[in-house]
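Protein chains in written order, with my numbering: chain A, 978 to 1360; chain B, 247 to 674; chain C, 912 to 959; chain D, 31 to 216.
Below is one structure, written out as C-alpha cells, with a few remarks after it.
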Amino acid sequence: MRSSRGTALTAAALCVAVALICFVSARSFLAMRLPDPVAPAQGFERYNLSHWFPALKGSPGDSDVYIQDSGVPGGTVFIMGGTHPNEPSGYMAAVVYLERAKVTKGRLIVMPFANATAMGHNSPQEASPQYFSLDVDGGTRWFRYGSRATNPVYQWPAPDIYIHAQSGQKLDGGSKSNLNRAYPGVPDDSLTQQVAYGIIQLLNKEKVDLAFDLHEASPEYPVVNAIVAHNRAMELAAMVSMELEMAGIPMRLEPSPVNFRGLSHREWGDHSDALAILMETGNPSQGRLRGKTDAALAVTGKDKAYLKAAALGRLFIPYEGDQTLDLRTARHVTSMKMFMDMLGDVKEGGDVEVEGIPSFDDMMERGIGAFLSPVEDDRFDGK
Amino acid sequence: MEWFWPEGFYTLLMIGVFAFAAFVWDMPIAVAMAMAAITGAIAAGEGVPLRHQVEGEFGYVDTILIIATAMVFMKVIQRTGLLESIAAWVIRKFRGYPVLLSLGIMFIIMVPGMITGSSTAAVLTTGALVAPVMMELGVPMLQTAAAISMGALFGMIAPPISIPAMIIGAGVDIPYVGFGMPLLICTVPLAVICSLWLIYPYVRKPRDEASLEAQLAKMSRVPMSLRLFLTVIVLVVLLGGERTLPLYWPSLGMPLSFLLASASGLLSGVRWNPIETVTEAIDEALPVMGILMGVGMFIQIMTLTGVRGFVVVSALALPSWTLYLGIAISMPLFGAVSSFGSASVLGVPFLMALLGQNEIVVASALSLVASLGDLMPPTALAGIFAAQVVGEKNYFKVLRHCMLPALLTVCWGIAVILMAKPIAKLIF
Amino acid sequence: MMTLIYRGIGLFVAAFVLRCMFREKSFWKQVTAAMVLIPLILRILLIK
Amino acid sequence: MKIRFSAFLSALAIASTLMAGVSFASDVALTSVGQSPDAMMVKVVLKSLKIVPDYEALMKAEELSGQKVLIAVVGGSSKGLGAAGIDKDQEVARSKALLEKAKADNMKILVMHVGGPGRRGALSDLFISAAVPFADALIIVDKDNTDMDGLFSKLVEGKSIEILSADNVRGTKEPLESVLSSWGVI
Chain A
978 MRSSRGTALT AAALCVAVAL ICFVSARSFL AMRLPDPVAP AQGFERYNLS HWFPALKGSP
1038 GDSDVYIQDS GVPGGTVFIM GGTHPNEPSG YMAAVVYLER AKVTKGRLIV MPFANATAMG
1098 HNSPQEASPQ YFSLDVDGGT RWFRYGSRAT NPVYQWPAPD IYIHAQSGQK LDGGSKSNLN
1158 RAYPGVPDDS LTQQVAYGII QLLNKEKVDL AFDLHEASPE YPVVNAIVAH NRAMELAAMV
1218 SMELEMAGIP MRLEPSPVNF RGLSHREWGD HSDALAILME TGNPSQGRLR GKTDAALAVT
1278 GKDKAYLKAA ALGRLFIPYE GDQTLDLRTA RHVTSMKMFM DMLGDVKEGG DVEVEGIPSF
1338 DDMMERGIGA FLSPVEDDRF DGK
Chain B
247 MEWFWPEGFY TLLMIGVFAF AAFVWDMPIA VAMAMAAITG AIAAGEGVPL RHQVEGEFGY
307 VDTILIIATA MVFMKVIQRT GLLESIAAWV IRKFRGYPVL LSLGIMFIIM VPGMITGSST
367 AAVLTTGALV APVMMELGVP MLQTAAAISM GALFGMIAPP ISIPAMIIGA GVDIPYVGFG
427 MPLLICTVPL AVICSLWLIY PYVRKPRDEA SLEAQLAKMS RVPMSLRLFL TVIVLVVLLG
487 GERTLPLYWP SLGMPLSFLL ASASGLLSGV RWNPIETVTE AIDEALPVMG ILMGVGMFIQ
547 IMTLTGVRGF VVVSALALPS WTLYLGIAIS MPLFGAVSSF GSASVLGVPF LMALLGQNEI
607 VVASALSLVA SLGDLMPPTA LAGIFAAQVV GEKNYFKVLR HCMLPALLTV CWGIAVILMA
667 KPIAKLIF
Chain C
912 MMTLIYRGIG LFVAAFVLRC MFREKSFWKQ VTAAMVLIPL ILRILLIK
Chain D
31 MKIRFSAFLS ALAIASTLMA GVSFASDVAL TSVGQSPDAM MVKVVLKSLK IVPDYEALMK
91 AEELSGQKVL IAVVGGSSKG LGAAGIDKDQ EVARSKALLE KAKADNMKIL VMHVGGPGRR
151 GALSDLFISA AVPFADALII VDKDNTDMDG LFSKLVEGKS IEILSADNVR GTKEPLESVL
211 SSWGVI
C-alpha cells in the first residue's frame, strides 16, 4: 500500500471524486432547507416575523407566524416551537395547535418553527436523522429533524466567545447561534440575534399575555419534564403544575434563574408584559447517552443505552424503554391547555378559550398523527 | 452480552480497522480513520452514508482554518528570521537565572494557548519560538518537545479561554463565568512542577560558553528591529484586543488575525516568497487537518451506529469507586479522537454523575483531564506538533517523556474533583 | 461582510491544499488532501 | 333606643368586616424554606380557602408584623437558591431567624412539605432538619414515601404533633383547613 504513487493524474482523478462527493452531499444538504408544509386550521392568518421587525424581510430567518383572532375580546397567547429543531415535541405541539385550534375567545398566535434556518440543517457529529415521518389519515406526514443552532452558513464565522449584548455574560462562541441565548436580541447583529429581537417586538406589539417556548431536554439533564416560569408567571405555573400532578402527568416547576441571561423564560418576562413559560420534555434522540441514532429513535425514544442508564439511576425522567413523540407532544399540548384554561384566573380580561385540542389520552391512544391533516408534500413524491 | 452486542462489536471493529490500516498498511492516519468509519457504517447496515461522512467533517471546519493560518504565520516568522533572533535574545538575557528562565519559558509556551484556547496554537507559535532556545540551552530534544506539549495543554486549559471547560459547562447550562480561579488552580501548580522537572535540570548546568556564543551569534544574524517584530506585534494587538476589549474590538477571529499578521511580514524588510512559504505551511499542516477530518467522520459514525452511547454508558456504568478511575482512563483515551470531543462526549455525563460537588470546579478539573487527549496517539495534536517543532520524527519517543507529567496531571485533576467543595469555599 | 472575508480565507486555504495535492508524490496523502477539500468547498459555496 | 341599637349593630358589622378584612390580609404569613417553588403551590391552595397570605419567598424575621400563623414550606431547590442569589447556609440562617422570631411572638408555626419523595435528598434534608423542630403542626404530601427513612418522625419525636398527610399538593387543602381553623384563622 505504501508504494501507491501519486501523480498529477491521480490528483485529477481525486478532484473529480471530490466534485462528485460535493455534488451528491450538497443535494442532500440543500434539500433540507425546503420548509415542512403545514395545514393551518380555519381562521388562522399567516404572517412573517418581518411583520414586526421589517429588517428580517426576505432573510432566511423570516419565520412564519399564524394568528387566529376569535373576534371575542380576551387575552392573547403565543405558542412557539422550533427554538431548537432537534427537539421535535416542541414544534410538533405547536403544529397540533396550528392544525386543530378553534379559538372562541381572545387570540392565539402560533410560530411553529421559530429558528427557521436551524430547521434546515443538522449539527455535525450528532448523526441526527434529516427527517421523520408520522402516519396521518390518508397518508404520511414528513417533518425535518434539525439542529440546535442557526445554520452556520448564515452567520459564519462564529466568534471565539459569545458575549450577550445586554449583560456582558460570556458563553462559548457556538452559543451565539443558539436562539435561546439571544434574547432580548440585537437589531443589527447576527441572524439569531435579529430573530430574537423580532420575537420580542412581536410579544410587545401584540400585547401577548402568556407566552410559551417549547423545548425538549436530554433525559439525563436535571431540568426535564419541567416547567420553567418567570417570577411573574410563577403563581399560574404553580396552579398548572398541581393540576398536571392530579392528572397524572407531572411536570416539575422550576424558577427562571435571574443570573443566567439570554433565555426566553428570563428575557421575555423582563422585556414584555407576557407571562413567560418554557417547558421541557425528555427526548432520548438528543441526549449524550443515546445509542443508535435514527428517525425511529426520534419518534419512539426506544433506546437500550438509555435503558441501561436508567437502571444506573442517571436519568431525571422515568424511563421504561421508550419515550414516544406522542407522549412528549401530548405533555406539551395538555400543559398549555391547562395554562390557557387558568389564565383568566390570574390576569383579568386575559381569558383565552380554545376548542378542538385533543386530550392527553386521545393523543396517547391514537398518536398525534391522527390529529394532523394530510398535506401535499412535493419533497417526497412517491414516498 | 446483550449490552455488548452489537455496539461493542462495532467498537472493536472500528478500532481494529483503524489500527490495521494505520500500522499494517501504513496509511496516513486521516485515511485510516475514514476507513474505520466507513467499515463501521457498513457493518451496522448503514451502507456508505455519504451525508454523515461529510457532515462529520464539518465539526472541525473552523479548526482546520485556524491550523492552516497559524501554520502560515509560523512559517512567515521563520522565513523573516525573527524566531531565531528572539531565541538568541532570550538566552542572553536570562542565562544567569535558571529557575526564572525555566518558569518563564513555560509561561511563554502557555500564553497562546491561554488566549486562543487551542493547544495547537501554543505549540505552533511560542512553542516553536522557544524550542531552539531550549535546545541551545542544553535541554535534550525529547524533553524540549515534552515540555512544549505539556505547556501547550496547560495553556489550553488555563484562563481566560478554556474551550473544553466551555464545552462541558454548555452541556449542563453553566455559563462560562467564574472559571478563572478554578482553572488556575488546575493548571498553575502543574506548570510549575513540569518546568522545574523538564527544563530546569538542564538549563542549570554550565555549558561551553564559547560554543554557545558562536551559536547565538549565528542565530541573531538578522538584527532585531521594530519592523522585524511587526508580525508578532500585529498578532498580539489583534488577538489581545479581541480578548481584552471584546465589546469595542471587532471580532476578527483567529484565522483572519493570523493572516493579517502574516501579511504584515511582507513589510518586515526581509525578502521571502509568499507563495512558496504558504505552500510549505499548508503542506506541513495537511496531515493534522486531514486527521481532524477523519476524526469528524469517525465521531459521526460512532454516534450513528450507537458506538458512542455504548462507550459513554459503559463508562458511566463503572461502580462508584471506579468512577474516578473511569474519568482518569476514559477521558484521555477518548481524547485520542479529540480532546474537545472527549470534553463533550464524556465530560458532560461525568459532570452529571458528580453533581452536588461544585460544578464549576469539577468542570474545570474534567477539562484538565480531557486536555490529555491532545497527547494521545493517533491524533495527539499537541504532541505530534511539538515533535515536529523540535525535528523529532517519532512521536512515541516524545510521548515517553510526557508519561509522568501526564500521570501527575490526571492525579491532580482527580484530586481537584475530590476537593471541589473545600476549593469552592475558599475561592467563591 | 465577515462571512465574505471568511469565504475568501476558505478559498485561499483550499487553493493551496489543491496545489499541495498536485505536488504530492504519495497517493494516500493526496487522499488526505482531498478529504480536507470537501468541507472547504461546501463551506465556500455556503451549502453546509 | 331603636336607632342606637341599629347604630350599634351596624358599627359591629363594620368592625367585624374590618377585622375580617384585616385577618384576611395578614393572619397568615407564608414563606419558602429552601427556595423551591412549592411555597407558591401552597399559596394557590390557600387561595382556594379564600386566604390571601403575606407571601414572601425570602421573608425576613423583621417582616413579621402581627400575623397569627407562619407557614413554612420546606424543600430545597438549587435553581431557586441560584435565582435568589443566596447559598444554602444563608437560607438556613434566614429561616432559623424567622422561625425563632415567630416562636418568640407566640405565632403558630405550620411546616409543610409538598414536593413528595422528589424533594428529599441532601439539600432538602438540610432545610427539613432546620425547620421541622419549630413546627406546631406538620403536613406532608405522600407521607408514606416521603418519610420512608423516618426523618420527619424523628424530628418531631417527643412532641405531641400528629403528622398530617395528603395524596398530593391539591389534597393538602383539607388538612390545611382543619389546622388553620383549629388555630382560629379561618
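C-beta atoms are modelled at their ideal positions from N, C-alpha and C, and glycine is treated no differently.
Treat the numbers as computed from the prediction; the structure is a model and nothing was measured.
For Val1163/A, none of the residues of chain B pass the 8 Å Cβ criterion, the least Cβ distance being about 12 Å. Cβ contact annotation for Ala527/B (same chain, cutoff 6 Å, sequence separation greater than five): Met317, Val318 and Lys321, in chain order. Using a CB distance cut-off of 8 Å, Gly536/B counts as an interface residue toward chain C. Going by DSSP, His1207/A is part of no alpha helix (DSSP H) at all; its letter is neither H nor E. A Cβ-Cβ distance of about 20 Å is found for the pair Val300/B and Ile920/C, leaving them out of contact under the 8 Å criterion. Neighbours of Lys959/C in chain B, taken as residues whose beta carbon is under 8 Å from its own, are Val300, Glu301 and Phe304 in chain order. Uninterrupted alpha helix (DSSP H) stretches at least 4 residues long and entirely within the stretch 1033 to 1078 of chain A occur at 1065 to 1077, given in chain order. The continuous alpha helix (DSSP H) containing Val434/B extends over residues Gly426 to Leu444.
In the three-state reduction of the DSSP assignment, Phe1293/A falls in the coil class, being assigned neither a helical nor a strand state.
For the stretch 1100 to 1130 of chain A, the set of positions with a beta-carbon nearer than 7 Å to some beta-carbon of chain B reads Pro1101, Gln1102, Glu1103 and Ala1104 in chain order. Shortest Cα-Cα distance from Lys109/D to any of Asp166/D, Val199/D, Lys118/D and Glu187/D involves Lys118/D.
Per DSSP, the unbroken beta strand (DSSP E) holding Lys138/D starts and ends at Lys138 to His143. For the C-beta of Val74/D, the chain A residues within less than 8 Å are, from N- to C-terminus, Glu1212, Ala1215, Met1216 and Met1219.
No Cβ of chain D is located within less than 8 Å of the beta carbon of Ser1144/A.
Apart from the 5 residues on each side of it in sequence, Met577/B sits with its Cβ closer than 6 Å to the Cβ of Ser588, Leu592, Val615 and Ala616 in its chain, given in chain order.
Contact annotation, Gly552/B with Leu564/B: C-beta distance approximately 19 Å; criterion of less than 8 Å not satisfied. Thr1117/A sits in a strand when the DSSP states are folded into three classes. In the DSSP assignment, Met1096/A falls outside any alpha helix (DSSP H), carrying neither H nor E. Residue burial annotation: Cys657/B is exposed, with fewer than 16 other C-beta atoms found within 10 angstroms of its C-beta. Residues of chain A whose Cβ lies closer than 9 Å to the Cβ of Thr914/C are, in chain order, Val1130, Tyr1131, Gln1132, Trp1133 and Pro1134.
Here the alpha carbon of Ala1018/A sits roughly 23 Å from the alpha carbon of Gly1327/A. Close to Asn1236/A, with beta-carbon spacing below 9 Å, are these residues of chain D in chain order: Gly112, Ala113 and Gly115.
Using beta-carbon distances, Ile920/C counts as an interface residue toward chain B, with a partner under 8 Å. Short of 6 Å from the beta carbon of Ile169/D, and not among the five residues preceding or following it, lie these beta carbons of its own chain, in chain order: Met142, Leu194, Thr202 and Pro205. In the three-state scheme derived from DSSP, where H, G and I count as helix and E and B as strand, Lys1147/A is classed as strand. Pairing Leu1320/A with Gly401/B, the inter-Cα distance amounts to about 53 Å. Residues of the same chain with a CB within less than 7 Å of the CB of Ala1282/A, apart from the 5 flanking positions on each side, are Leu1266, Arg1267 and Gly1268 in chain order. Under the Cβ criterion of 8 Å, Ser981/A is counted among the residues facing chain C. In this structure, Ser1066/A sits away from His1242/A, with a CB-CB distance that is not shorter than 8 Å. When DSSP states are grouped into helix, strand and coil, His1192/A belongs to the strand group.
Residues of chain A with a Cβ closer than 8 Å to the Cβ of Ile952/C are, in chain order, Val995 and Cys999. The continuous stretches of alpha helix (DSSP H) do not include Ala1251/A, and DSSP gives it neither H nor E. For Gly1259/A, the pairing in a beta bridge is given by DSSP as Ala1194/A. Listed along the chain, the chain B residues whose CB falls inside 9 Å of the CB of Gly1268/A are Glu253, Thr551, Gly552, Val553, Arg554, Gly555, Phe556 and Val559. At least one CB atom of chain A sits nearer than 8 Å to the CB of Ser497/B. For Met137/D, there are no C-beta contacts with chain A under 9 Å, since the nearest C-beta of that chain is about 24 Å from it.
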